[in-house]
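Please read the structure below before turning to the comments.
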Amino acid sequence: MRTLILGGARSGKSALAERLAGASGLDVVYLATSTAGDAEMTARIAHHRSRRPAAWDLVEEPIALADALERTARPGRCVLVDCLTLWLTNLLCAENKNLFTQQHGRLMELLPSLPGELILVSNEVGHGIVPLGELSRRFVDEAGRLHQAVACACDRVVLTVAGLPLPLKGSL
Amino acid sequence: MRTLILGGARSGKSALAERLAGASGLDVVYLATSTAGDAEMTARIAHHRSRRPAAWDLVEEPIALADALERTARPGRCVLVDCLTLWLTNLLCAENKNLFTQQHGRLMELLPSLPGELILVSNEVGHGIVPLGELSRRFVDEAGRLHQAVACACDRVVLTVAGLPLPLKGSL
Amino acid sequence: MRTLILGGARSGKSALAERLAGASGLDVVYLATSTAGDAEMTARIAHHRSRRPAAWDLVEEPIALADALERTARPGRCVLVDCLTLWLTNLLCAENKNLFTQQHGRLMELLPSLPGELILVSNEVGHGIVPLGELSRRFVDEAGRLHQAVACACDRVVLTVAGLPLPLKGSL
Chain A
1 MRTLILGGAR
11 SGKSALAERL
21 AGASGLDVVY
31 LATSTAGDAE
41 MTARIAHHRS
51 RRPAAWDLVE
61 EPIALADALE
71 RTARPGRCVL
81 VDCLTLWLTN
91 LLCAENKNLF
101 TQQHGRLMEL
111 LPSLPGELIL
121 VSNEVGHGIV
131 PLGELSRRFV
141 DEAGRLHQAV
151 ACACDRVVLT
161 VAGLPLPLKG
171 SL
Chain B
1 MRTLILGGAR
11 SGKSALAERL
21 AGASGLDVVY
31 LATSTAGDAE
41 MTARIAHHRS
51 RRPAAWDLVE
61 EPIALADALE
71 RTARPGRCVL
81 VDCLTLWLTN
91 LLCAENKNLF
101 TQQHGRLMEL
111 LPSLPGELIL
121 VSNEVGHGIV
131 PLGELSRRFV
141 DEAGRLHQAV
151 ACACDRVVLT
161 VAGLPLPLKG
171 SL
Chain C
1 MRTLILGGAR
11 SGKSALAERL
21 AGASGLDVVY
31 LATSTAGDAE
41 MTARIAHHRS
51 RRPAAWDLVE
61 EPIALADALE
71 RTARPGRCVL
81 VDCLTLWLTN
91 LLCAENKNLF
101 TQQHGRLMEL
111 LPSLPGELIL
121 VSNEVGHGIV
131 PLGELSRRFV
141 DEAGRLHQAV
151 ACACDRVVLT
161 VAGLPLPLKG
171 SL
């Protein structure tokens, strides 16, 4: 079962993902795409970790998401990726302009055949006015395309609004 | 019955709230969180008032929303709050930085036990790209958290899109 | 049958519209509100055209949408308008400040009586934070009002998220 959870800022998407992962009854690996670059991020990561069950393993991978998934996913395990948007930001801001195409391609190739259970969290960002900056516009475009491609490869897609899940594909 | 109506700009959320309040068959009190600070706001408030039934009472309270609700709510009455987002803006822009914590806490404490019928209107603002300004980011975060907490305390949550209601919790 | 398809940036709204038009079994006219103003737009239009069936006719009309619809719509034909948001932008940016009122009025007058099948595509832009610029604010307001009015005149309204259709009125 592959699940994509989309939602706006502070819409409860991570909490829903963690609930679904806990309810799976499987071993859970939390795959974080953020890294502790500064004190604020370190504090936020510590805060996130404190609300997760201690038994969950943590893997941090800001760029090579497909590789990390390939190493981590296996039958009887649930991998929770939080979040695709930050990974996309890392790729689009990288000096190496080919990283995005490589990593995006690797992920889409890998997704359909990953063993075990997978829960992907991402920010819905395309429902506001088109932003002024070129990087912001590129980000909104690529996030929209990524969500379409990932949603297509998932069995279940849920939009969270005000902490409430709205199933878009499959059911909860 | 407590109802939260969320929607984007000009999505028909106030019109739906007014329709539900009218259909309740109860005495209606309209609790406005805006105040007539300037000529434009005075005109807008007059326009809003002109489309509401003359029998509805009006209460204006930009800050102390929980106090106003406590004074106003009673069995056999429907209180319509329009809107939470403006109240949140008033709190976040206030000089007293404790106002937000105090007022937010008071509202969440009061909500579950309020008598009568309550309809709360708020703007869904978190589905665009994360804004650049620090206050805007804080606002998007706090609005998201507020919506989750209020949705949790409500029996019914509806998202309006293009004037059409999409029930997220309970039914219309 | 009149259908409005709303969606955020890169949410799959045009692809859904093209799928529905193709499935109608009718002759299809593609009514584009963009025009080839520069090389980038020319390339984008060529790209869009390449993915549409060659049998579809193309009409370009950036401003006088109602007139174009009146000339084009007829029983046994499906007209696909892509997109209302760009048409609205063209009107709001025009030197003649009356154009918007005239054209908007003409469209709303015409819609209920148009023969044949009609599919309208538009961008959902009101779910982000209220933008800073006056033109952007005006655009978000007018887009919201336009979507409400058009949704009211349509038999079917669909929101696309991550390429997935969420029916808001009628069914797919």
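Protein chains in written order, with UniProt numbering: chain A, 1 to 172; chain B, 1 to 172; chain C, 1 to 172. For each residue, glycine too, the CB sits at the ideal point set by N, CA and C. The model shown is predicted, which means the values in this text are computed figures rather than measured ones.
Sequence-distant partners of B:ALA66 (beyond 5 residues in either direction) whose C-beta falls short of 6 angstroms from its own C-beta, in its chain, are ARG106, LEU107, LEU110. Here A:ARG10 carries a coil assignment [DSSP, helix/strand/coil].
Taking a contact to require three or more Cβ pairs closer than 8 angstroms, the segment 112-120 of chain C and the segment 61-79 of chain C qualify as touching.
Boundaries of the beta strand (DSSP E) harbouring C:ASN123: 117-123, taken from the DSSP string. Neighbours of B:ARG2 across chain A, judged by C-beta separation under 9 angstroms, do not exist; the nearest C-beta is about 13 angstroms away. Under the DSSP definition of a beta bridge, A:GLU60 partners with A:ALA32. Beta-bridge pairing by DSSP links A:ILE5 to A:VAL121, A:VAL158. For C:ARG77, the uninterrupted beta strand (DSSP E) segment begins and ends at 77-82. A:PRO53 carries a coil assignment under DSSP once its states are collapsed to helix, strand and coil.
By DSSP's assignment, B:PRO131 forms no beta bridge with any residue. Beta-bridge analysis with DSSP links A:LEU166 to A:LEU159. Taking every protein chain shown into account, the CB of B:ALA32 has 16 or more other CB atoms within 10 angstroms, so this residue is buried. By the neighbour-count criterion, in which 16 or more other beta carbons inside 10 Å mark a residue as buried, A:LEU132 falls on the exposed side. The beta carbons of B:ARG10 and C:GLN148 sit closer together than 8 angstroms.
Here B:ILE129 is near A:VAL125, since their CB atoms are less than 8 angstroms apart. Linking B:ALA151 to C:LEU26 through their CA atoms gives a straight-line distance of about 45 angstroms. By alpha-carbon distance to C:LEU135, the top candidate from C:ASN123, C:PHE100, C:CYS93 is C:CYS93. With contacts defined by Cβ atoms closer than 8 angstroms, B:LEU88 and B:ALA153 do not form a contacting pair.
The Cβ-Cβ distance between C:LEU86 and B:VAL161 does not fall below 8 angstroms. Linking B:LYS13 to A:ALA23 through their CA atoms gives a straight-line distance of about 35 angstroms.
When the beta-carbon positions are compared, B:LYS169 and A:LEU164 come within less than 8 angstroms of each other. Note that the C-beta distance between B:ARG19 and B:ASP155 is not below 8 angstroms. For the pair C:ALA54 and C:LYS97, the Cα-to-Cα distance works out to about 37 angstroms.
With respect to C:LEU16, C:ILE63 sits apart: the two C-beta atoms are not nearer than 8 angstroms. 8 angstroms or more divides the Cβ of B:TYR30 from the Cβ of B:ARG51.
Around the beta carbon of A:ASP82, 16 or more other beta carbons sit within 10 angstroms, so the residue counts as buried. Interface with chain A (8 angstroms Cβ-Cβ cutoff): B:VAL140 is included. DSSP places A:ALA94 in no alpha helix (DSSP H); its state is neither H nor E. With a contact defined as Cβ atoms closer than 8 angstroms, C:LEU4 and C:VAL140 miss out at about 18 angstroms. Taking a Cβ-Cβ threshold of 7 angstroms, the residues of chain C close to A:GLY126 are GLY8, ALA9, ARG10, SER11, in chain order. Neighbours of C:ILE129 across chain A, judged by C-beta separation under 8 angstroms: GLY128. Each residue's CA atom was taken as its position, placing A:LEU91 and B:ASP57 some 55 angstroms apart.
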